[in-house]
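Every position in the sequence shown, counted from 1, becomes a number in my numbering once 31 is added.
Everything on this sheet refers to the single structure shown next.
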Amino acid sequence: MSSDAAPPRLLLGVTGGIAAYKACELTSLAVKAGWEVEVVMTANATKFVGPLTFAGLTGRNVHLDTFADAMAHILLAKWAGVAVVAPMSANVLGKLACGLADDLLTTTLMALPRGKACVLAPAMNTEMWLNPVVIRNLRWLEDLGRYTLIAPTEKRLACGDVGVGGLADPVDILAAVTANLALSPR
Ligand SMILES: Cc1cc2nc3c(=O)[nH]c(=O)nc-3n(C[C@H](O)[C@H](O)[C@H](O)COP(=O)(O)O)c2cc1C
32 MSSDAAPPRL LLGVTGGIAA YKACELTSLA VKAGWEVEVV MTANATKFVG
82 PLTFAGLTGR NVHLDTFADA MAHILLAKWA GVAVVAPMSA NVLGKLACGL
132 ADDLLTTTLM ALPRGKACVL APAMNTEMWL NPVVIRNLRW LEDLGRYTLI
182 APTEKRLACG DVGVGGLADP VDILAAVTAN LALSPR
């Protein structure tokens, strides 16, 4: 990126999963790489990581409430160069697959302009990941052609199980985000 180029703009959605703390690392990596980052957290995500951590890393207030600022969902969706949800819970995956928009994150994702790239980085317990409903929801979203899936890794999970479900490495997520920025219209 040349020094006079406008910084790339990342909209980061954080959901309520144990890997939410890794979204802090992703944020730090993105900021150091020159991205402007706006963070939207679900209410449950704030039970895992405090919004102040993201605010400190980004230098911007974190967005939590659909009704706190009029049209925040539209403005954020338009502002984004590319969106990423990391970690993405089974719950937000299900809502996205069904077109539900009952909080600021899902409403913003629903308002994302057509053609704008959205990277999904799910993380969950292995049994959740292998649940046929989760598999169906992911396939459905992938088939739409507007979402890029960063598959979870196999590892020893926080719950003690060994299997697939760990959040992909933040370095790999940022690489996918960077690759997808080029696909998004400005
Ligand atoms: C300790 C703990 C860890 C959790 N980790 C995950 C997880 O990694 N992935 C997931 O999909 N749900 C996880 N959950 C369940 C979600 O928090 C729950 O489904 C919640 O409704 C998700 O809310 P959100 O999608 O609005 O953020 C966890 C719950 C607890 C209590």
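Quick reminder that beta carbons are idealized off the backbone N, C-alpha and C, glycines included.
Please report the straight-line C-alpha distance between residue i and residue j, rounded to a whole angstrom.
i	j	result
THR46	ALA152	11 angstroms
GLY130	ALA210	26 angstroms
ALA86	ASP96	15 angstroms
GLU67	GLU56	15 angstroms
MET155	GLY196	5 angstroms
ALA36	THR179	26 angstroms
ARG177	LEU169	12 angstroms
LEU205	GLY194	23 angstroms
VAL202	LEU60	8 angstroms
ARG40	ALA111	5 angstroms
ALA182	ALA199	7 angstroms
LEU188	ALA51	13 angstroms
LEU212	LEU136	20 angstroms
ARG91	GLU173	31 angstroms
VAL65	ALA114	Checking the sequence shown, residue 65 turns out to be Gly, not Val. The straight-line gap from Cα to Cα measures roughly 16 angstroms.
LEU214	LYS109	15 angstroms
VAL164	LYS126	12 angstroms
LYS186	TRP160	13 angstroms
ILE105	MET72	16 angstroms
ILE49	ARG145	31 angstroms
ASP100	THR139	13 angstroms
Can you check DSSP and say which residues form a bridge with residue i?
i	result
ARG187	VAL193
HIS94	VAL71
ALA114	LEU42, CYS149
MET119	PRO153
Between residue i and ligand 1, is there a pair consisting of the residue's CB and a ligand heavy atom that are separated by less than 7 angstroms?
i	result
LEU75	In the sequence as presented, Leu is not what sits at residue 75; that position holds Asn. Yes, the beta carbon of ASN75 sits closer than 7 angstroms to at least one heavy atom of ligand 1.
MET159	yes
ASN162	no
GLY191	no
GLY48	yes
ALA64	no
SER59	no
ASN92	no
MET155	yes
PRO118	yes
VAL123	yes
For the beta strand (DSSP E) holding residue i, just list the boundary residues, first then last.
i	result
VAL257	No answer is possible for residue 257: it lies beyond the span of the chain, which begins at 32 and ends at 217.
LEU180	178-180
From which residue to which residue does the alpha helix (DSSP H) around residue i run?
i	result
GLY44	That residue, GLY44, is in no alpha helix (DSSP H); its beta strand (DSSP E) goes 40-45.
LEU136	135-141
THR77	THR77 -> no alpha helix (DSSP H), and no H or E assigned at all.
LEU212	201-212
ASN168	163-175
ALA54	51-63
Mind reading off the beta-carbon distance from residue i to residue j? Whole number of angstroms is fine, and I expect it under 8 angstroms.
i	j	result
ALA117	LEU43	7 angstroms
VAL70	HIS94	7 angstroms
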